[in-house]
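Have a look at this one:
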């Protein structure tokens, strides 16, 4: 039985049809949890730490190339763009005057990625597998506030990002691929107010630092040409 099993493995490695190899394009959607750690130093003496975790709905696109060495192992490289958004509304009434404030928070991530691929089950029509890899790129967070039809856009944070990609996959017919992906952040976006902002008493030294890490979970579809 063991010899028969390993013979099948050797045949798969040597004669696999390499289904799934080629240029691919895809899209995904999911959920982003943005973990923000804020450190505030009051007049250089008191340090206050605060953590928030706002959630974002996200959509994304990807384009790349995958190659399988037989039917078991493969590698892919791709670029992907991810957009996340969170909509909030605040309504206040003072002296019989109602004020509406709408806030659109947005995330923009673009990364170049390399993943190692493995199929642990293959049949004539479908394959189940997993993947792991890493990406490097740029992330940006914006806040767009609309108060009484006056819009103000503020850059909240930006910087380099380094996500670790982990996930499970299903391939049908060698062309259609569905991925469940988790992007785990290694680096966070950093924001420090400009000199004179956030300080007290004319102190030019910034007193607040915010580090934001984005944990992204998606389900995606891609087609291989």
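Residue numbers (full-length UniProt numbering): 1 to 225.
All C-beta atoms in this analysis are idealised placements derived from N, C-alpha and C, irrespective of residue type, glycine included.
According to DSSP, simplified to helix, strand and coil, what is residue i?
i	result
residue 125	coil
residue 306	Lying before the first or after the last residue shown, residue 306 is absent from the chain, which here runs from 1 to 225.
residue 188	coil
residue 35	strand
residue 155	strand
residue 21	coil
residue 62	strand
residue 149	coil
residue 175	coil
residue 95	coil
residue 71	coil
residue 225	coil
Can you tell me whether residue i is buried or exposed? The criterion is at least 16 other CB atoms within 10 Å of its CB, across all chains shown.
i	result
residue 82	buried
residue 123	exposed
residue 151	exposed
residue 171	buried
residue 56	buried
residue 216	buried
Please report the residue range of the beta strand (DSSP E) in which residue i lies.
i	result
residue 167	163 to 172
Who are the Cβ neighbours of residue i in its own chain at under 6 Å, not counting the five residues just before and after it?
i	result
residue 218	28, 30 and 181
residue 89	102
residue 87	104
Can you list, in chain order, the residues of its chain whose CB lies under 7 Å from that of residue i, leaving out five sequence neighbours each side?
i	result
residue 61	27, 80 and 81
residue 191	156, 157 and 210
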